[in-house]
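Down below is the structure, laid out as structure tokens.
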Amino acid sequence: MKVRFLSDSETSCTAVIEGISAPFANALRRVIMTEIPVYAGKDIIIYENSGPLFDEVIAHRIGLVPLTTPKDSSEDSKSVIISVDVAGPSMVTSADFVSEDPDVVPTSDGFPIVKLGKGQRLKCNIEGVVGYGKDHTRWQPGLASYKNYPSIVIDTVQCNLCGSCIKACPRALIQKDGDVLTVVDAGSCMFCRACEEACAQSNEKSLISVTPLKDVFIFMVESYGAMPAKDLLSTALMVIENKARALDQNLSGA
Amino acid sequence: MIVPIRCFTCGKPIGHLYREYCERTAEGENSKDVLDELGLSRYCCRRMFLTHVDLIDEILEFSV
Chain A
87 MKVRFLSDSE
97 TSCTAVIEGI
107 SAPFANALRR
117 VIMTEIPVYA
127 GKDIIIYENS
137 GPLFDEVIAH
147 RIGLVPLTTP
157 KDSSEDSKSV
167 IISVDVAGPS
177 MVTSADFVSE
187 DPDVVPTSDG
197 FPIVKLGKGQ
207 RLKCNIEGVV
217 GYGKDHTRWQ
227 PGLASYKNYP
237 SIVIDTVQCN
247 LCGSCIKACP
257 RALIQKDGDV
267 LTVVDAGSCM
277 FCRACEEACA
287 QSNEKSLISV
297 TPLKDVFIFM
307 VESYGAMPAK
317 DLLSTALMVI
327 ENKARALDQN
337 LSGA
Chain B
163 MIVPIRCFTC
173 GKPIGHLYRE
183 YCERTAEGEN
193 SKDVLDELGL
203 SRYCCRRMFL
213 THVDLIDEIL
223 EFSV
């Protein structure tokens, strides 16, 4: 198995992973989006709301604000109380959230909750609870997707350098390098097969073949701020491992 | 009404980017460039800003 990172930042990372199967890649994708434990506002106690939006709308908006999550959080982690007390006229934002735990705070100060007019007030307590994306979007820590890595093979012996494939490729991935055609940045290929078609029209049969490699994947992870994108990958793998271990224990006990 | 916290389709948090988007487009910058720089690459997130109508100021004088 080989892993090569194409890009890696706090918010997103892309890796080429060799030697895994499609079902495993899909399991990883699904676990990242639905089964990583993260904090989000669940129960909201509203003491005073004289602003223009209904209690339910405010509770919904507050719940969707992503919260940072310490690395070893789990279902059993204790809940965190975040209090809000703002008097208008002003815009209530996530900067007004006062958390009792400095590790569980909004990922950005700029989330607008509600705008208050003169004499209006919002006072509430938010109970931040660890949950899973499969139960509600508020606990979705990020987005993951993958695609097969392409294998683009050009028959250089029979190729007459007519250049029709170069013109056909919408992403300009085929280039003329001296008297051979080379493929640059194959990972950007979207399997449209326009090059194959163009080649088959100019010649008797297509001299280019584009096929997805069955065990090489380009895996993309985007974090919504609860934890760095790379941590989402490692946490997801731990979740899968724990599930397998739990099953194993039950098997030996049965 | 008021800009949504997350994209309806993919769940990406976008609410905190709206102010900068408004300020920069008001200065005459191209919406496309601003959306690109804010990191809204998918068209589901882009339509959230492009089609949003901010009406919160209209209802501000009413209380529930």
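So the protein lines, in turn, are chains A and B.
So for the first sequence, our numbering puts the first residue at 87; every next one is plus one.
So for the second sequence, our numbering puts the first residue at 163; every next one is plus one.
We treat Cβ as the ideally placed atom computed from N, Cα and C, and that holds for glycine.
| Query | Result |
| --- | --- |
| Outcome for residue 331(A) when other beta-carbon atoms lying within 10 angstroms are tallied against a minimum of 16 | exposed |
| Between the CA atoms of residue 233(A) and residue 71(A) - distance to the nearest angstrom | Only positions 87 to 340 of chain A appear in this structure, which leaves residue 71(A) out of reach. |
| Assigned exposure category for residue 325(A) - 16 Cβ within 10 Å defines buried | buried |
| Rounded straight-line distance, which links the Cα of residue 170(B) to that of residue 210(B) | 8 angstroms |
| DSSP-derived helix/strand/coil call for residue 127(A) | strand |
| Residue 391(A) (DSSP reduced to helix, strand or coil) | Residue 391(A) lies beyond the range of chain A shown here (87 to 340); nothing can be said about it. |
| Interface partners of residue 137(A) on chain B, CB under 8 angstroms | 225 and 226 |
| Residue range of the unbroken beta strand (DSSP E) whose run includes residue 217(A) | 207-217 |
| Nearest-angstrom beta carbon gap, residue 256(A) and residue 193(A) [assumed within contact, 8 angstroms] | In fact, because the Cβ distance is near 36 angstroms, the residues do not count as touching under 8 angstroms. |
| Rounded straight-line distance, which links the Cα of residue 201(A) to that of residue 219(B) | 8 angstroms |
| Buried versus exposed, by CB contacts within 10 Å (16 or more), residue 333(A) | exposed |
| Beta-bridge pairing of residue 104(A) - partner residues as DSSP gives them | 88(A) and 302(A) |
| Residue ranges of each beta strand (DSSP E) within the stretch 182-257 of chain A, 3 or longer | 198-202, 207-217 and 228-240 |
| In DSSP terms, what residue 168(B) is bridged to | 175(B) |
| Residue 122(A) - partner residues in DSSP beta bridges | According to DSSP, which records beta bridges pairwise, residue 122(A) is partnered with nothing at all. |
| Through-space distance from residue 121(A) to residue 169(A), alpha-carbon basis | 27 angstroms |
| Beta-ladder partner(s) of residue 173(A), from DSSP | 207(A) |
| Alpha-carbon spacing of residue 140(A) relative to residue 224(B), whole angstroms | 11 angstroms |
| Residue interval of the beta strand (DSSP E) (run including residue 269(A)) | 266-269 |
| Listed by chain order, chain A residues near residue 214(B) by CB distance under 9 angstroms | What residue 214(B) touches in chain A: nothing, since even the nearest Cβ is about 12 angstroms away. |
| For residue 288(A) and residue 216(A), the rounded distance between their alpha carbons | 60 angstroms |
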